[in-house]
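Participant: Residue numbers (full-length UniProt numbering): 1 to 84. Cβ atoms here follow ideal geometry from the backbone N, Cα and C, with glycine treated the same way.
Have a look at this one:
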């Protein structure tokens, strides 16, 4: 883990101590996180109550609201393709 911490520290501009913390958190995760892909920013409007439900669900799931939205859109698009 020492070598990984050094590489993470150098490539990300983190202190060695912070790099170790990130690696410890990653090691303790129960599930794997998706590999990062190039992303774009997408702005959308939704009712305030829906936004609150999204944030509540994201927090309870230990995911970002963006990750919840990515998964929801991917699932929706997959179902649309299956339906024709």
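With burial defined as no fewer than 16 other Cβ atoms inside 10 Å of the residue's Cβ, what is the status of residue 8: buried or exposed?
Facilitator: Looking at its Cβ environment, which holds 16 or more other Cβ atoms inside 10 Å, residue 8 is buried.
Participant: Go ahead and label residue 78 buried or exposed: buried means 16 or more other beta carbons lie within 10 angstroms of its beta carbon, across all protein chains shown.
Facilitator: By the 10 Å Cβ count, residue 78 comes out exposed.
Participant: Does residue 82 come out as helix, strand or coil in the three-state DSSP assignment?
Facilitator: Looking at residue 82 - three-state DSSP - the assignment turns out to be helix.
Participant: From residue 39 to residue 62, what distance separates their C-alpha atoms?
Facilitator: Spanning the two alpha carbons is a distance of roughly 20 Å.
Participant: Measuring straight from C-alpha to C-alpha, what distance separates residue 31 and residue 58?
Facilitator: Roughly 15 Å between the two C-alpha positions.
Participant: Once you ignore the five residues that flank residue 55 on each side, which residues in its own chain have a CB closer than 8 Å to its CB?
Facilitator: The answer, listed in chain order, is 65.
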